[in-house]
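Undergrad:
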Ligand code: HEC
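In the working numbering, the protein residues as written are 2 to 150.
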């Protein structure tokens with residue numbers, strides 16, 4: 002009985018400690034717009050595959066992606082040479098673990114994944130919040146610096 006109890010506890014511990022499943026978070030919250038695998042829709046929803054990993058390879062870009070997920074984004078941006086005028090809601094209602102996992106997932110699409118921790122998400126929540134149009138403006142200024150392609 003005692004060993005059975007320990008085994009059950011161990012199971013809870015290992016599954017509880019496992020990282021949230023970034024693909025599952027993406028498929029249920031993001032794929033409706035960005036499409037399965039983050040391939041996007043030209044002129045409508047930005048492609049994330051390959052791009053997100055390249056953006057997050059620079060510290061400014063890494064912080065930007067996290068801010069987009071928390072704050073959402075809306076306003077004219079240019080991606081893959083096409084203008085997009087769309088709106089994305091913020092996802093600050095997701096847990097720190099889920100946001101970290103989905104960011105690792107999108108940066109790892111056809112690219113070396115970039116690590117985000119739940120602690121980083123928690124910290125980012127304390128920064129002054131930005132509106133969706135501020136995030137689009139940030140995209141444009143980071144594009145000028147070649148952080149965002
Ligand atoms: C309702 C549709 C929709 C959903 C759902 C959505 N997005 Fe977006 N996302 C967009 C649009 C549209 C833009 C571009 C906004 C603009 O035109 O200013 C965008 C922009 C982005 C960007 C910035 C891309 C860039 O090049 O600057 C990232 C990163 C991103 N989304 C990730 C996510 C993640 C992760 C999720 C799920 C947690 C998600 N999105 C859910 C529509 C959506």
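Cβ atoms here follow ideal geometry from the backbone N, Cα and C, with glycine treated the same way.
1. Output yes or no for whether 8 Å exceeds the beta carbon distance between residue 110 and residue 53.
2. Step through the CB atoms of chain C and report whether any lies within less than 8 Å of the CB of residue 124.
3. Would the C-beta of residue 30 count as close to ligand 2, meaning under 7 Å from any of its heavy atoms?
4. Secondary structure at residue 104, three-state DSSP: helix, strand or coil?
5. When every heavy atom of ligand 1 is checked, does at least one fall within less than 7 Å of the C-beta of residue 37?
6. Count the other C-beta atoms from every protein chain shown that fall within 10 angstroms of the C-beta of residue 127, then say buried if there are 16 or more, exposed otherwise.
TA: Per the coordinate set shown:
1. yes
2. Here chain C cannot be found, since the structure has a single protein chain.
3. The model depicted lacks ligand 2 and carries ligand 1 instead.
4. helix
5. no
6. exposed
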